[in-house]
Amino acid sequence: MRKRRIDRIDVRPTILNRAQGRLTVGGASFRCALGPAGVVRDKREGDGATPRAELPVRRIWRRSDRALRPAAGAPVRVTRPRDGWCDASASRRYNQLVPLPFSESHETMWRDDSLYDLVAELGWNDRPPIAGRGSAIFLHVARPGFTPTQGCVALAPHVLRRVLAMIGRDTRIRIGLPPRKLRGR
-2 MRKRRIDRID VRPTILNRAQ GRLTVGGASF RCALGPAGVV RDKREGDGAT
48 PRAELPVRRI WRRSDRALRP AAGAPVRVTR PRDGWCDASA SRRYNQLVPL
98 PFSESHETMW RDDSLYDLVA ELGWNDRPPI AGRGSAIFLH VARPGFTPTQ
148 GCVALAPHVL RRVLAMIGRD TRIRIGLPPR KLRGR
């Protein structure tokens, strides 16, 4: 039996805490963590904000030593110990996967904590990257207590696995956008 894929996932900040939100998919709603600055229209590198945008899912990353292959309809790549992500705005490798060691500012994809054991890479500022516009917006595992991310969207591990199972090649993550009106109404 083929799994049901969804075309959209909605993420909205909560009213009382802009670094917390609700992710809604397939009729279910889940708690999520956002950047400490909340959701913004004008995302900048290092601002601690989550971008207000509709983002495609580029690929899924997983650590083979910690996470089973997800039942996702998007490409899956195994994270390696030498994988990094450049967040140096002036670099020609800005907002791209880079091999470690890397001399410019970067994030390490192979982490000691479990935050990046399973990650959906979202298409933010990547085709082509614009310097300073922000890098590496991921859907990943939340810290205990759902403390703020650096600008990503984070979920409980079991929820992330459930959401990834619904993702297909055409799925879009809609962050901070108003609900779409039904056609013909």
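Sequential numbering from -2 applies to the sequence shown in my numbering.
Ideal Cβ positions, reconstructed from N, Cα and C, are used throughout, including at glycine.
Being a predicted model, the structure only gives us computed values, none of them experimental.
Query, Result
"Can you name, in chain order, every residue of its own chain whose Cβ lies under 6 Å from the Cβ of Gly165, other than the five neighbours on each side?", "Arg2, Gly70"
"Quickly, what does DSSP pair Glu118 with across the bridge? List them, please.", "Arg56, Phe135"
"Taking the C-alpha atoms as reference points, what is the distance between Gln93 and Ile172?", "22 Å"
"Out of Gly142, Ser61, Cys149, Gly129, which one is the CA nearest neighbour of Asp39?", "Gly129"
"Less than 8 Å between the CB atoms is what I'm expecting for Leu31 and Ala16, so what's the real figure, rounded?", "5 Å"
"Classify Asn14 as helix, strand or coil using the three-state DSSP reduction.", "coil"
"Please state the DSSP three-state secondary structure of Arg1.", "coil"
"So, at 6 Å on beta carbons, what are the nonlocal neighbours of Ile6 in its own chain, with the 5 sequence-adjacent residues on each side left out?", "Val22, Ile170"
"Considering only DSSP beta bridges, list what Glu104 is partnered with.", "Trp82"
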